[in-house]
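Those letters in the sequence shown? Residues 0 to 159, by numbering that gives the first Met the number 0. Virtual Cβ for every residue (Gly too), placed ideally from N, Cα, C. Contents: one structure, followed by commentary.
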Amino acid sequence: MSRPVRIDSFLWAVRIFKTRSIAQDACRKGRVAINDVTAKPAKMVMAGDIISVRKPPVTLSFKVLQTTTNRMGAKLVPEYILNVTPPEQYELLEMKRMSGYVDRAQGLGRPTKRERRDLEQFLQAPVIDEPLLEEWNEETLDDDEEQDNPSSDLLDWDNW
Numbered sequence: 000m001s002r003p004v005r006i007d008s009f010l011w012a013v014r015i016f017k018t019r020s021i022a023q024d025a026c027r028k029g030r031v032a033i034n035d036v037t038a039k040p041a042k043m044v045m046a047g048d049i050i051s052v053r054k055p056p057v058t059l060s061f062k063v064l065q066t067t068t069n070r071m072g073a074k075l076v077p078e079y080i081l082n083v084t085p086p087e088q089y090e091l092l093e094m095k096r097m098s099g100y101v102d103r104a105q106g107l108g109r110p111t112k113r114e115r116r117d118l119e120q121f122l123q124a125p126v127i128d129e130p131l132l133e134e135w136n137e138e139t140l141d142d143d144e145e146q147d148n149p150s151s152d153l154l155d156w157d158n159w
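Right, dumping it as structure tokens:
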């Protein structure tokens, strides 16, 4: 039979949290429960206990098969815990993933990568198309020739 171990150490060992300090913080914030009782970092966990971990937007549940304090490879984790998370929790996670950045109000905060690329493309686009610019220049030149412009006499554009 396996011996009791600290919950923060166990959560780190079975790769639920990346570091032990993150596991401790989760326990202190009340996001970890053992058999539906909120657990502090030093609370002992034994084989047969059900651990609930809230990682918003989901609550993950695991049954402890064996205890350990040594971190292990991901392939060995199923020997120590059994995932008993209800399927509804995974549906919540999928819905959150599908919504993406839609939750963010348009125009607020830092632009997303897509919005930034659209903005850069807009700013780099030519302001006036060349054919339109040529037509405009021809029309204005024709208008200038028809009018007798005294300011054109003052400036000698050919020698400038």
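Check	Outcome
Could you give the distance in angstroms between the alpha-carbon of residue 73 and the alpha-carbon of residue 62?	17 Å
Give me, in chain order, the residues of the same chain whose beta-carbon lies closer than 8 Å to that of residue 65; leave out the 5 immediate sequence neighbours on both sides.	1, 46, 78 and 79
Can you name, in chain order, every residue of its own chain whose Cβ lies under 7 Å from the Cβ of residue 95, other than the five neighbours on each side?	56
Based on the DSSP secondary-structure assignment, which residues constitute the bridge partners of residue 67?	The partner list for residue 67 (beta bridge, DSSP) is empty, contrary to what the question assumes.
First and last residue of the beta strand (DSSP E) that includes residue 6?	Residue 6 -> not in any beta strand (DSSP E); alpha helix (DSSP H) instead, spanning 6–12.
Determine the burial state of residue 32: buried for a count of at least 16 other Cβ atoms within 10 Å of its Cβ, exposed for fewer.	buried
Leaving out five residues on either side along the sequence, give the residues of the same chain with a beta carbon under 7 Å from the beta carbon of residue 12.	67, 68, 69, 70 and 71
Just to confirm my understanding: we take residue 29, look at its own chain, exclude 5 residues before and 5 after, and list those with CB closer than 7 Å. What are they?	37
Quick check: the Cα distance between residue 8 and residue 22, rounded to an integer number of angstroms?	8 Å
Nearest to residue 40 by alpha carbon, out of 4, 92, 60 and 58?	4
Determine the burial state of residue 51: buried for a count of at least 16 other Cβ atoms within 10 Å of its Cβ, exposed for fewer.	buried
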